[in-house]
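Residues 203 to 349 (our numbering) are what the sequence shown spells out, left to right.
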Amino acid sequence: MKKYIVTLTEEERAGLQELIGKGKAAARKLTHGRILLKADVGSGGPGWRDEEISVAVEVSPGTVQRIRQLFVEEGLEAALHPRPAARPRPWKLDGVGEAHLIALACSEPPAGRARWTLRLLAERMVELAYVDTLSYETVRQVLKKAN
203 MKKYIVTLTE
213 EERAGLQELI
223 GKGKAAARKL
233 THGRILLKAD
243 VGSGGPGWRD
253 EEISVAVEVS
263 PGTVQRIRQL
273 FVEEGLEAAL
283 HPRPAARPRP
293 WKLDGVGEAH
303 LIALACSEPP
313 AGRARWTLRL
323 LAERMVELAY
333 VDTLSYETVR
343 QVLKKAN
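The following block contains the structure:
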């Protein structure tokens, strides 16, 4: 028994068919529209099973389930448009911290070293108390951006 049953109104169905017919939208949006049209169990819909839809649209069954759930819980727009990605935590380095890192990378390497490594730069930034902790991956990203 399906928990999330898609039932489109005539207006929604017509809008999705127009969207797919034009083909002038993001591939993700078109795919999600096709999924919703095939999953529609309303009077004019085919009411396909998730496995059939996933084969026809070439997505995983989990994607079909997620689109069904989004449509039922949040509506058509949520099922068609991606959510903006939310950064879970703030960046470690702001503009001032990045400037300190770049200046440090341009300075002489420590004694006994031919050049700075990413890990050495991260450790020195912590030693100099510019940040409390710093990953070498953050150092790499900042230096790549600064290039």
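Glycine included, every Cβ here is placed at the ideal spot set by N, Cα and C.
None of these values were measured; they are calculated from a predicted model.
Judged by DSSP in its simplified three-state form, H283 adopts coil rather than helix or strand.
Inside the region 247-277, DSSP marks whole alpha helix (DSSP H) runs of 4 or more residues at positions 252-259, 263-276, from first to last along the chain.
Sorting K205, A241, I255, L295 by C-alpha distance to the C-alpha of L345 places L295 at the top.
The Cβ atoms of V328 and T335 sit closer than 8 Å to each other. Contact check for H234 against A281 passes: the beta carbons are separated by less than 8 Å.
In the displayed model, L239 falls within a helix according to three-state DSSP. The beta carbons of P312 and L323 sit no closer together than 8 Å. Inside the region 310-335, DSSP marks whole alpha helix (DSSP H) runs of 4 or more residues at positions 320-329, from first to last along the chain. In this structure, the alpha-carbon of E254 lies about 17 Å from that of K205. Under the DSSP assignment, R215 falls in the alpha helix (DSSP H) whose first and last residues are 212-224. Shown here for I269: same chain residues with a beta carbon closer than 7 Å to its own, the five before and five after excluded, namely H234, I237, L238, A281 in chain order. Exclusion of the five residues before and after S337 leaves A324 as the residues of its chain whose Cβ lies within less than 7 Å of its Cβ.
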